[in-house]
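Going letter by letter, the sequence shown gives residues 6 to 479 in the numbering used here. Glycine residues also receive a C-beta, built at the ideal position from the N, C-alpha and C atoms. What follows is a short report on a single structure.
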Amino acid sequence: MITEMTPKADIGVVGLGVMGSNLVLNMDDHGYVVAVWNRTASTVDDFLGGPARDTAVIGTHSLEELVASLAKPRRILLMVKSGSPVEDLIGRLQPMLDEGDIIIDGGNSLYTDTIDRARRLEAAGLAFIGAGISGGEAGARTGPSIMPAGTASAWPSVRPIFQDIAADVDGTPCCEWIGSDGAGHFVKTVHNGIEYGDMQVLAEAYDVMHRGLGLNHDDMSAVFARWNDGPLDSYLVEITAAIMKRLDTDGTPLLEKILDRAGQKGTGKWAVKSSMDLGEPTTIAAAAVYARIVSSLLEQRRVASSRFSAPAVRIPDPADAVIRDLHDAVYASKIVAYAQGFMILSGAAAAHGWDLDFASIASMWRGGCIIRSRFLGELMDVFAADGDLGNILVSDYFAAAIDEAQPGWRRTVNRAVAAGIAVPAYSAALAFFDGYRSVRVPANLIQAQRDFFGAHTYERVDGPPGELFHTDWD
């Protein structure tokens with residue numbers, strides 16, 4: 006029961022799932038008094054009697070009690086599922102709050118919903134922040150990457166808490182103000198689209214090494230560990246090396262006991278859909294999303310595997326040569342994935358009037374989040390040197406890296422195709438790159454076809470830009 010004598014909390018957190026509860030403990034570690042509420046009251050009691058025992062965390066059993074426990078301006082962080090749960094809580098909280106109070110959505114919400122909520126709550130005198138938070142369970146507990154945007158006037162009230170609990174790289178917190186309304190949640194969506202691509206390119210490397218070369222799990226772990234000492238140094242490569250070495254209770258590799266059917270929560274699809282709306286390519290994220298969808302067709306795949314003939318899976322080339330080329334395919338595909346991610350961010354900034362600082366975004370992703378890597382330091386430096394860079398692919402650093410990786414990248418795709426091993430991410434990355442670097446592509450035929458059957462018109466190479474022509478093809 007909250008009384009007049011109860012110390013006021015610095016922030017309230019709604020939702021004590023894995024992310025919410027760990028963020029609360031993280032805030033408590035940094036000296037902030039946190040009030041918590043969960044829809045299931047017993048969850049609050051279990052939290053206070055368990056992980057939050059002997060902390061300054063204040064448990065509440067109603068939203069009214071939560072609001073009453075907070076110092077003004079009230080700061081309330083929602084850590085619940087996106088969609089209707091967020092909307093319901095905002096509707097319940099709004100009548101209890103005063104002008105200047107701040108609602109923060111820390112979940113993975115669709116950025117267009119965040120735009121609408123920010124405008125609606127700002128019109129009512131409240132502040133709204135959509136904060137993308139990455140890092141999973143461990144990151145939430147010890148230091149995530151936080152990407153906040155929304156009501157700018159609310160940032161000074163939230164900044165100390167968020168920057169204190171965020172990961173830190175070279176003395177810089179992995180949290181900075183992104184911009185207005187839905188920019189933070191959009192940046193998190195793009196982060197997750199890149200994450201999908203990163204995971205897929207590593208899965209394809211595993212497939213080539215395991216099925217194509219017949220390497221055992223200790224050998225594959227050693228390859229990933231070696232890669233983690235070079236330009237591919239990253240959290241995902243690090244954990245992949247560890248996964249390869251983990252044994253099941255019978256002493257065999259645990260990885261081979263895991264059903265090959267990948268799940269997804271929707272942010273990868275959001276990234277792909279948004280890229281289509283913005284007219285920006287995100288072919289690697291799309292390939293990764295569709296690869297997960299194909300993996301879910303388990304029964305159909307089992308039937309198809311017995312129905313069709315296929316080439317011999319084993320790759321005949323020397324393993325050392327294949328692995329060197331595979332490294333280059335992973336690295337080049339990763340560069341393309343990030344290039345596409347920042348192309349989407351650029352398109353969204355133009356469409357929504359966001360002033361995005363790409364160097365700052367790359368800096369925020371260097372620690373705490375799932376895609377943290379050495380690569381992001383190089384990316385940050387490239388953007389810091391030229392904030393108006395149209396595409397990282399044409400920067401001196403990454404253009405040289407792509408040129409060096411091209412031969413091995415192409416050989417890897419050729420080997421995989423010859424062996425019947427699907428490499429959708431490497432193939433999509435290479436197809437995008439070859440299209441992007443080509444001064445002429447076959448879209449002229451597509452325009453002729455469109456004009457033939459639908460009189461959609463076309464431009465001419467010998468005519469002024471924007472002037473349209475039509476041919477009576479019959």
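Around the Cβ of residue 340, are there at least 16 other Cβ atoms within 10 angstroms (buried) or fewer (exposed)?
Here the question's residue 340 lines up with position 335 in the sequence shown. Counting every other CB atom within 10 Å of its CB across the protein chains shown gives residue 340 a total of 16 or more, marking it as buried.
Taking the C-alpha atoms as reference points, what is the distance between residue 131 and residue 168?
Position 126 of the sequence shown, counted from the first residue, corresponds to residue 131. Position 163 of the sequence shown, counted from the first residue, corresponds to residue 168. Spanning the two alpha carbons is a distance of roughly 22 Å.
In terms of residues, what are the limits of the beta strand (DSSP E) holding residue 131?
One-based indexing of the sequence shown puts residue 131 at position 126. Looking at the DSSP string, residue 131 is not in any beta strand (DSSP E), and its letter there is neither H nor E.
If I measure Cβ to Cβ from residue 365 and keep anything under 7 Å in the same chain, skipping five residues before and after, which residues do I get?
Stepping through the sequence shown from its first residue, residue 365 is reached at position 360. Non-local beta-carbon contacts of residue 365 in its own chain, meaning distances under 7 Å to residues more than five positions away in sequence, involve 181 in chain order.
Under three-state DSSP, which class holds residue 283?
Locating residue 283 in the sequence shown gives position 278, where the first residue counts as 1. The three-state reading of DSSP puts residue 283 in helix, counting H, G and I together.
Identify whether residue 474 lies in helix, strand or coil by the three-state DSSP scheme.
Translated into positions along the sequence shown, residue 474 becomes position 469. Strand.
In terms of residue numbering, what span does the alpha helix (DSSP H) encompassing residue 153 cover?
Translated into positions along the sequence shown, residue 153 becomes position 148. Note, residue 153: premise wrong, no alpha helix (DSSP H); beta strand (DSSP E) at 150-155.
Please state the DSSP three-state secondary structure of residue 232.
What you label residue 232 is simply residue 227 of the sequence shown in a count that begins at 1. Residue 232 falls in the helix class under three-state DSSP.
Near residue 210, which residues of its chain fall below 7 Å by C-beta distance, leaving aside the five closest residues on each side in sequence?
Translated into positions along the sequence shown, residue 210 becomes position 205. So the list reads 331 and 335, once near-sequence residues are dropped.
What residue range is occupied by the uninterrupted beta strand (DSSP E) comprising residue 19?
Mapped onto the sequence shown, residue 19 falls at position 14. Unbroken beta strand (DSSP E) run through residue 19: 16-19.
Roughly how many whole angstroms lie between the Cα atoms of residue 461 and residue 194?
On the sequence shown, position 456 is the one that residue 461 refers to. On the sequence shown, position 189 is the one that residue 194 refers to. Distance between the alpha carbons of residue 461 and residue 194: 34 Å.
Determine the contact status of residue 75 and residue 17, defining contact as a CB-CB distance below 8 Å.
The sequence position of residue 75 within the sequence shown is 70, counting from 1. The sequence position of residue 17 within the sequence shown is 12, counting from 1. Yes, the Cβ-Cβ distance between residue 75 and residue 17 is below 8 Å.
In terms of DSSP beta bridges, what is residue 341 paired with?
Mapped onto the sequence shown, residue 341 falls at position 336. Note: residue 341 sits in no beta bridge, so no partner.
Can you tell me which residues form a DSSP beta bridge with residue 258?
Translated into the one-based positions of the sequence shown, residue 258 becomes position 253. Answer by DSSP bridge pairing, in chain order: 252.
Apart from the five residues on each side of it in sequence, which residues of its chain come closer than 7 Å, Cβ to Cβ, to residue 268?
As a working mapping, residue 268 is identified with position 263 in the sequence shown. None.
Between 42, 420 and 418, which lies nearest to residue 65 when the distance is taken from Cα to Cα?
Residue numbering aside, residue 65 sits at position 60 when the sequence shown is read from its first letter. Nearest option by C-alpha distance: 42.
Classify residue 214 as buried or exposed, calling it buried when 16 or more other Cβ atoms lie within 10 Å of its own Cβ.
As a first step, residue 214 is located in the sequence shown; it is residue number 209 there, counting from the start. Buried, since its Cβ has 16 or more Cβ neighbours within 10 Å.
Checking the sheet assignment: what are the DSSP bridge partners for residue 174?
Here residue 174 corresponds to residue number 169 of the sequence shown, with the count starting at 1. According to DSSP, residue 174 bridges with 177.
Applying the criterion that 16 or more other CB atoms from any shown protein chain within 10 Å of the CB defines a buried residue, is residue 437 buried or exposed?
Here residue 437 refers to the residue found at position 432 when the sequence shown is read from its first residue. So residue 437 counts as buried.
Count the other CB atoms within 10 Å of the CB of residue 97; is the residue buried (16 or more) or exposed (fewer)?
Position 92 of the sequence shown, counting from 1, holds the residue named residue 97. Residue 97 should be labelled exposed.
If I measure Cβ to Cβ from residue 348 and keep anything under 7 Å in the same chain, skipping five residues before and after, which residues do I get?
As a first step, residue 348 is located in the sequence shown; it is residue number 343 there, counting from the start. The answer, listed in chain order, is 285, 286 and 396.
Under the three-state reduction of DSSP, which class applies to residue 25: helix, strand or coil?
Residue numbering aside, residue 25 sits at position 20 when the sequence shown is read from its first letter. Note: residue 25 maps to helix in three-state DSSP.
Label residue 345 either buried or exposed according to how many other C-beta atoms from any shown protein chain fall within 10 Å of its C-beta, with 16 as the threshold for buried.
If you number the sequence shown from 1, residue 345 lands on position 340. With 16 or more Cβ atoms within 10 Å of its Cβ, residue 345 is classed as buried.
Skipping 5 residues on each side, what residues in its chain have a beta carbon closer than 6 Å to that of residue 242?
In the sequence shown, residue 242 corresponds to position 237, counting from 1. For residue 242, the CB contacts under 6 Å within the same chain, skipping 5 residues up- and downstream, are 229, 232 and 233 in chain order.
Does the Cβ of residue 478 have 16 or more other Cβ atoms within 10 Å, making it buried, or fewer, making it exposed?
For the purposes of this step, residue 478 is taken as residue 473 along the sequence shown, with counting starting at 1. By the 10 Å Cβ count, residue 478 comes out exposed.
How should residue 200 be labelled, buried or exposed, when 16 other C-beta atoms within 10 angstroms of its C-beta is the threshold for buried?
For the purposes of this step, residue 200 is taken as residue 195 along the sequence shown, with counting starting at 1. It is buried - the Cβ of residue 200 has at least 16 other Cβ atoms within 10 Å.
Enumerated in chain order, which unbroken segments of the alpha helix (DSSP H) with a length of 4 residues or greater are wholly contained in the stretch 339-376?
363-369
Pop quiz: residue 187 and residue 120 are said to be a contact at Cβ under 8 Å. What is the actual Cβ separation, rounded to whole angstroms?
Here residue 187 refers to the residue found at position 182 when the sequence shown is read from its first residue. Here residue 120 refers to the residue found at position 115 when the sequence shown is read from its first residue. Correct: roughly 4 Å between the Cβ atoms.
On the DSSP bridge list, what partners appear for residue 115?
One-based indexing of the sequence shown puts residue 115 at position 110. Note: residue 115 sits in no beta bridge, so no partner.
If you draw a straight line from the alpha carbon of residue 190 to that of residue 350, how long is it in whole angstroms?
As a first step, residue 190 must be located in the sequence shown, where it is residue number 185. As a first step, residue 350 must be located in the sequence shown, where it is residue number 345. Looking at the two C-alpha atoms, the distance is approximately 11 Å.
Please determine, among 160, 173, 166 and 205, the residue with the shortest C-alpha to C-alpha distance to residue 183.
Within the sequence shown, numbered from 1, the residue matching residue 183 stands at position 178. Taking only the C-alpha atoms, the option nearest residue 183 is 160.
In chain order, what residues of the same chain lie with their CB nearer than 8 Å to the CB of residue 418, ignoring the 5 residues before and after it?
Counting from 1 along the sequence shown, the entry for residue 418 is found at position 413. Hits under 8 Å: 334, 428, 431, 432 and 435.
Can you tell me whether DSSP reads residue 82 as helix, strand or coil?
Along the sequence shown, one-based indexing puts residue 82 at 77. If DSSP states are grouped into helix, strand and coil, residue 82 belongs with the strands.
Measuring alpha carbon to alpha carbon, tell me which of 256, 308 and 140 ends up nearest residue 370.
Walking along the sequence shown from the start, residue 370 turns up at place 365. Checked all of 256, 308 and 140; the closest Cα to residue 370 is 140.
Return helix, strand or coil for residue 13, following the three-state DSSP convention.
Numbered from its first residue, the sequence shown carries residue 13 at position 8. In the structure shown, residue 13 sits in coil (DSSP, three-state: anything other than H, G, I, E or B).
What does a CB cutoff of less than 8 Å around residue 381 pick up in its chain, not counting 5 residues either side in sequence?
Along the sequence shown, one-based indexing puts residue 381 at 376. Only 367, 368, 370 and 371 meet the Cβ criterion.
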